[in-house]
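> From first to last, the protein sequence lines stand for chains U and R. The numbering used here applies: residue 5 is where the first sequence begins, and numbers increase by one. The numbering used here applies: residue 5 is where the second sequence begins, and numbers increase by one. Cβ coordinates follow ideal geometry from the N, Cα and C atoms, glycine included.
Protein chains: 2
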Amino acid sequence: MVVTVLFGGSSYEHEISIVSSITIKKVLKKSTTNFIFCDANREFYVIDASNMKSNYFSSGSYKKAKKLFIKQGGFFSEGLLGSKPFNTGVVLNLIHGRDGEDGKMASFLEFNSIAYISPRLEASVLSFNKLYTKFYAQSVGVKTVPYQVMSRNDDRKSFNITYPVIIKPVRLGSSIGVSVVKSAEELDYALDVAFEFDTEVLLEPFLNGVKEYNQAGTKTTSDWELSIIEEPNKVEFLDFEKKYMDFSRDSEVGSADIDSSLEVAIQENFKKIYNTLFEGSIIRCDFFFSQGEVYLNEINPIPGSMANYLFKDFEGMVERLSKNLPRERNIKIDYSYIHSIQSAKGKA
Amino acid sequence: MVVTVLFGGSSYEHEISIVSSITIKKVLKKSTTNFIFCDANREFYVIDASNMKSNYFSSGSYKKAKKLFIKQGGFFSEGLLGSKPFNTGVVLNLIHGRDGEDGKMASFLEFNSIAYISPRLEASVLSFNKLYTKFYAQSVGVKTVPYQVMSRNDDRKSFNITYPVIIKPVRLGSSIGVSVVKSAEELDYALDVAFEFDTEVLLEPFLNGVKEYNQAGTKTTSDWELSIIEEPNKVEFLDFEKKYMDFSRDSEVGSADIDSSLEVAIQENFKKIYNTLFEGSIIRCDFFFSQGEVYLNEINPIPGSMANYLFKDFEGMVERLSKNLPRERNIKIDYSYIHSIQSAKGKA
Chain U
5 MVVTVLFGGS
15 SYEHEISIVS
25 SITIKKVLKK
35 STTNFIFCDA
45 NREFYVIDAS
55 NMKSNYFSSG
65 SYKKAKKLFI
75 KQGGFFSEGL
85 LGSKPFNTGV
95 VLNLIHGRDG
105 EDGKMASFLE
115 FNSIAYISPR
125 LEASVLSFNK
135 LYTKFYAQSV
145 GVKTVPYQVM
155 SRNDDRKSFN
165 ITYPVIIKPV
175 RLGSSIGVSV
185 VKSAEELDYA
195 LDVAFEFDTE
205 VLLEPFLNGV
215 KEYNQAGTKT
225 TSDWELSIIE
235 EPNKVEFLDF
245 EKKYMDFSRD
255 SEVGSADIDS
265 SLEVAIQENF
275 KKIYNTLFEG
285 SIIRCDFFFS
295 QGEVYLNEIN
305 PIPGSMANYL
315 FKDFEGMVER
325 LSKNLPRERN
335 IKIDYSYIHS
345 IQSAKGKA
Chain R
5 MVVTVLFGGS
15 SYEHEISIVS
25 SITIKKVLKK
35 STTNFIFCDA
45 NREFYVIDAS
55 NMKSNYFSSG
65 SYKKAKKLFI
75 KQGGFFSEGL
85 LGSKPFNTGV
95 VLNLIHGRDG
105 EDGKMASFLE
115 FNSIAYISPR
125 LEASVLSFNK
135 LYTKFYAQSV
145 GVKTVPYQVM
155 SRNDDRKSFN
165 ITYPVIIKPV
175 RLGSSIGVSV
185 VKSAEELDYA
195 LDVAFEFDTE
205 VLLEPFLNGV
215 KEYNQAGTKT
225 TSDWELSIIE
235 EPNKVEFLDF
245 EKKYMDFSRD
255 SEVGSADIDS
265 SLEVAIQENF
275 KKIYNTLFEG
285 SIIRCDFFFS
295 QGEVYLNEIN
305 PIPGSMANYL
315 FKDFEGMVER
325 LSKNLPRERN
335 IKIDYSYIHS
345 IQSAKGKA
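1. In chain order, what residues of the same chain have a beta carbon less than 6 angstroms from the beta carbon of residue 138 of chain R, not counting five sequence neighbours either side?
2. For residue 342 of chain R, go through chain U and note every residue whose CB falls closer than 9 angstroms to its CB, in chain order.
3. For the beta strand (DSSP E) containing residue 218 of chain R, list its first residue and its last residue.
4. Where do the N-terminal and C-terminal ends of the beta strand (DSSP E) with residue 49 of chain U fall, by residue?
5. Would you mind stating whether residue 111 of chain U and residue 125 of chain U have Cβ atoms separated by less than 8 angstroms?
6. What residues from chain R crowd round residue 346 of chain U, counting only those whose CB sits closer than 8 angstroms?
7. In whole angstroms, what is the alpha-carbon distance linking residue 172 of chain R and residue 14 of chain R?
8. Whole angstroms is fine: what's the gap from residue 89 of chain R's alpha carbon to residue 334 of chain U's?
9. Find the nearest neighbour of residue 6 of chain U within the set U/259, U/130, U/114, U/323, judged by alpha-carbon distance.
10. Could you tell me the distance, in whole angstroms, from the CA atom of residue 380 of chain U to the CA atom of residue 33 of chain U?
11. Could you compute how far the alpha carbon of residue 308 of chain U sits from the alpha carbon of residue 21 of chain U?
12. Please list the segments of the beta strand (DSSP E) lying wholly inside the segment 39-117 of chain U, counting only runs of 3 or more residues, in order along the chain.
13. Can you tell me whether DSSP reads residue 324 of chain U as helix, strand or coil?
14. Consult DSSP for residue 299 of chain U and reduce its assignment to one of helix, strand or coil.
15. Let me see if you follow: with CB-CB separation under 8 angstroms, is residue 129 of chain U close to chain R or not?
16. For residue 32 of chain R, which three-state DSSP category applies?
17. Use the C-beta contact count for residue 288 of chain R: other C-beta atoms within 10 angstroms, 16 or more gives buried, fewer gives exposed.
18. Are three or more beta carbon pairs between the segment 57-66 of chain U and the segment 102-109 of chain U nearer than 8 angstroms?
19. Going by DSSP in three states, residue 329 of chain R sits in which element: helix, strand or coil?
20. In the structure shown, what three-state DSSP assignment does residue 370 of chain R receive?
21. Across the segment 177-186 of chain R and the segment 211-226 of chain R, are there enough close Cβ pairs to call them in contact, namely three or more that are closer than 8 angstroms?
22. Quick one: list the residues of chain U neighbouring residue 44 of chain R, beta-carbon separation under 7 angstroms, in chain order.
23. Who pairs with residue 293 of chain R in a beta bridge, going by DSSP?
24. By the 7 angstroms beta-carbon criterion, what residues does the segment 63-93 of chain R contribute toward chain U?
25. Look up residue 133 of chain R in the DSSP assignment and say whether it is helix, strand or coil.
26. Taking Cβ-Cβ distances shorter than 7 angstroms, what residues in chain U pair up with residue 47 of chain R?
27. Please list, in chain order, all residues of the same chain as residue 146 of chain R whose beta carbon is under 7 angstroms from its beta carbon, the five residues on each side excluded.
28. Anyone know if the C-beta pair for residue 27 of chain U and residue 9 of chain U falls short of 8 angstroms?
29. Please name the residue in R/44, R/39, R/30, R/131 whose C-alpha comes closest to that of residue 338 of chain U.
30. Let me check understanding here. Comparing Cα to Cα, which of U/332, U/221, U/85, U/326 lies closest to residue 305 of chain U?
31. Note down the Cα distance separating residue 267 of chain R from residue 233 of chain R, rounded to an integer number of angstroms.
32. Output yes if chain U places a C-beta closer than 8 angstroms to the C-beta of residue 137 of chain R; else output no.
33. Can you list, in chain order, the residues of its chain whose CB lies under 6 angstroms from that of residue 219 of chain U, leaving out five sequence neighbours each side?
34. State the Cα-Cα distance for the pair residue 346 of chain R and residue 227 of chain R, rounded to the nearest angstrom.
35. Could you give the distance in angstroms between the alpha-carbon of residue 315 of chain U and the alpha-carbon of residue 254 of chain U?
36. Mind reading off the beta-carbon distance from residue 119 of chain R to residue 282 of chain R? Whole number of angstroms is fine, and I expect it under 8 angstroms.
Here you go:
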């Protein structure tokens, strides 16, 4: 299998994406793996596998690599004799945060007929924005934690808040800008931090004693391939530094110690979210379990190193999925309407 | 002002987009206007203004025009001495339906730092999909008509339907695939037609005697520029052919004969929808008025010829808007995290 890992992006998670891709390189043992880096200026470079080290990027050395651009049919390099195609095989979109998870890469790859593994455009927008995720979850019958939305210009005093409360920028992953606020005195600072990153934030009750379970998976042909269920290490919440290290995991973890009825409930909630909307992607859903109910906390549309450590045969799954990607509807344009107008005008 | 009209696309509304762009050419009298055509194969061509006639496209003559591609910084043509930039000024995205209204063009233009007038990525996805529009309208306090969603594989008999009912594919504009169904006998055929175009359809009660009002507008600097309110010609609903002709309107129409309280109610609902989400675009909202209540029927994120006929000074508004486009958040990538890891490892 030929796989091209696409990573980087103009995103707060740019560095995380580099770590995630270096990890994926170790995991994809049998494939021919290419690397395309999208730098902070949103230019694309082909990276030789031997240069997949973090300081190659942080030092700016990557700028000596060959540039690529996208046009109909794929990625190309510019040359004296015209543009030259670059064989991507299937693209693994590993750009976390803006550009990758917000739907831009999905747009480019879809429009330019490049095979790719990642949520499609609509799935990206609905999962990248945590408010829209709430709407979507509700529409497919999955419970979410209650919330309020605050915009930057709203009057903070008009909100009725019960503490502790968790503050999250609407559009970011990797816990960036997230705070747990225990009392009213800490609120303004936490909101100021969150509004550094986004114009809208979610306020959710911080549930004490809640259990957290992660379920990753995909659908290949018509079969589900679900990961083990993981109970992530319990700290108050994963801060940026811990999540960052989390993105470099490449060894299998143990299953959560839960009874089979809870296991089934988590799997069924995962399938409702994945639905047809997420076809073509490998996602991870993070659930809360409290007082007998399962709640969706969030969807990770492009989990760190695609959550490889939760699967028994990650590389095989990527290969099976790459053979069963959703196809865009074929729209035939035959100009029948323009022909009929011209004909009516006597011009045909 | 330099304006580039971007039109065509791989869309059921491809031909409508051509008509819409020919109309815009007549409306933009003072500007330097360029034209970029996206053909059915999703390749871009520069079209000379003198060739902006429908048969230039339907005959395939456009294939002789110069091809463009998009890369960081704008549209470019390929040449023997490398790629050559094409000065677009501000792009008017006039691709109706897929590619234009679904968020793909917004993605390309935003990512590649090209100034453009059109809904941004999130706004596109929420308005192109009529189900998501319902979620969004609810979240900003705008009423919508009640609905049910049916997926292609659902058991049609399990739905409780009151007739007459209107059937709409979730993701199409221009009334394509829409039917009014008066009795159970007609239902299957109407659903089959709608499912030709989409995997999901909305079922809404067909409201008899409802009044329909259209409001277009935009926000330039911090001021609203709202159009007159139009009461569209009342037929059962506009079919494809009538909407098609509608897309070529270029002369001003008269205001609806309504009292000022209804006018204000419609304007306020428009502003709630436009909000900050639609900044950078000129949209039209179609409202229903029934028993004293205003309901959003649908958002036209890229109305036919941008609804120029509803504005007193369309070209001036485009110019004011082009000077007040929303700016993407600037994300600084300084590799501080990678540097700190390298430093900890003694490699820095």
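On the basis of the data shown:
1. The residue given as residue 138 of chain R occupies position 134 in the second sequence. Taken in chain order, the residues that qualify are 148.
2. As a position in the second sequence, residue 342 of chain R is number 338, starting the count at 1. The contacting residues are 19, 22, 23, 58, 59, 61, 62.
3. Position 214 of the second sequence, counted from the start, is the residue given in the question as residue 218 of chain R. Residue 218 of chain R -> beta strand (DSSP E) spans 215-224.
4. Residue mapping note: residue 49 of chain U aligns to position 45 of the first sequence, counting from 1. Where residue 49 of chain U is concerned, the enclosing beta strand (DSSP E) stretches over 48-51.
5. As a first step, residue 111 of chain U is located in the first sequence; it is residue number 107 there, counting from the start. As a first step, residue 125 of chain U is located in the first sequence; it is residue number 121 there, counting from the start. Yes, the Cβ-Cβ distance between residue 111 of chain U and residue 125 of chain U is below 8 angstroms.
6. Against the first sequence, residue 346 of chain U aligns to sequence position 342. By Cβ distance, chain R contributes 58, 59, 62.
7. Sequence index remark: in the second sequence, residue 172 of chain R carries index 168 (1-based). Sequence index remark: in the second sequence, residue 14 of chain R carries index 10 (1-based). Going from the Cα of residue 172 of chain R to the Cα of residue 14 of chain R covers about 20 angstroms.
8. For the purposes of this step, residue 89 of chain R is taken as the residue at position 85 of the second sequence. For the purposes of this step, residue 334 of chain U is taken as the residue at position 330 of the first sequence. Answer to the nearest angstrom: the Cα atoms are 32 angstroms apart.
9. Residue mapping note: residue 6 of chain U aligns to position 2 of the first sequence, counting from 1. Closest by alpha carbon: U/323.
10. Beyond the ends of chain U as shown, which are 5 and 352, falls residue 380 of chain U; an answer cannot be given.
11. For this step, residue 308 of chain U is matched to residue 304 along the first sequence. For this step, residue 21 of chain U is matched to residue 17 along the first sequence. Using only the alpha carbons, I get a separation of about 8 angstroms.
12. 48-51, 71-75, 78-81, 88-90, 94-97
13. Counting from one through the first sequence, the residue named residue 324 of chain U turns up at place 320. Correct three-state label for residue 324 of chain U: helix.
14. As a position in the first sequence, residue 299 of chain U is number 295, starting the count at 1. It is a strand residue.
15. Along the first sequence, one-based indexing puts residue 129 of chain U at 125. Closer than 8 angstroms to some Cβ of chain R, the Cβ of residue 129 of chain U qualifies, so yes.
16. Reading the second sequence from its first residue, position 28 is the one you call residue 32 of chain R. Residue 32 of chain R falls in the coil class under three-state DSSP.
17. For the purposes of this step, residue 288 of chain R is identified with residue 284 of the second sequence, where counting begins at 1. Answer is buried; the Cβ neighbour count reaches 16.
18. no
19. For the purposes of this step, residue 329 of chain R is taken as the residue at position 325 of the second sequence. Residue 329 of chain R falls in the coil class under three-state DSSP.
20. A question about residue 370 of chain R goes unanswered here, because the residues of chain R that appear run from 5 up to 352.
21. no
22. Position 40 of the second sequence, counted from the first residue, corresponds to residue 44 of chain R. Near residue 44 of chain R (Cβ distances below 7 angstroms), the residues of chain U are 337.
23. Within the second sequence, the letter at position 289 stands for residue 293 of chain R. Residue 293 of chain R is bridged to R/215, R/298.
24. 73, 75, 76, 82, 86, 87
25. Here residue 133 of chain R corresponds to residue number 129 of the second sequence, with the count starting at 1. Coil, per DSSP.
26. As a position in the second sequence, residue 47 of chain R is number 43, starting the count at 1. Here the neighbours are 76.
27. The residue you call residue 146 of chain R lines up with position 142 of the second sequence. Excluding positions up to five away in sequence, the list reads 273, 276, 277, 300.
28. The residue you call residue 27 of chain U lines up with position 23 of the first sequence. The residue you call residue 9 of chain U lines up with position 5 of the first sequence. Against a cut-off of 8 angstroms, the Cβ pair of residue 9 of chain U and residue 27 of chain U comes out as no contact.
29. Residue mapping note: residue 338 of chain U aligns to position 334 of the first sequence, counting from 1. The residue with the shortest Cα to Cα distance from residue 338 of chain U is R/44.
30. Along the first sequence, one-based indexing puts residue 305 of chain U at 301. Selected option, being the one with the closest Cα: U/221.
31. Translated into positions along the second sequence, residue 267 of chain R becomes position 263. Translated into positions along the second sequence, residue 233 of chain R becomes position 229. Straight-line Cα distance between these residues: approximately 8 angstroms.
32. What you label residue 137 of chain R is simply residue 133 of the second sequence in a count that begins at 1. Cβ-Cβ to chain U under 8 angstroms: no for residue 137 of chain R.
33. Translated into positions along the first sequence, residue 219 of chain U becomes position 215. Here the set comprises 233, 270, 274, 289.
34. Here the question's residue 346 of chain R lines up with position 342 in the second sequence. Here the question's residue 227 of chain R lines up with position 223 in the second sequence. Taking the straight line from one Cα to the other gives about 50 angstroms.
35. In the first sequence, counting from the first residue as 1, residue 315 of chain U sits at position 311. In the first sequence, counting from the first residue as 1, residue 254 of chain U sits at position 250. Roughly 10 angstroms separates the two Cα atoms.
36. As a first step, residue 119 of chain R must be located in the second sequence, where it is residue number 115. As a first step, residue 282 of chain R must be located in the second sequence, where it is residue number 278. At roughly 17 angstroms, the Cβ-Cβ gap does not stay under 8 angstroms, so residue 119 of chain R and residue 282 of chain R are not in contact.
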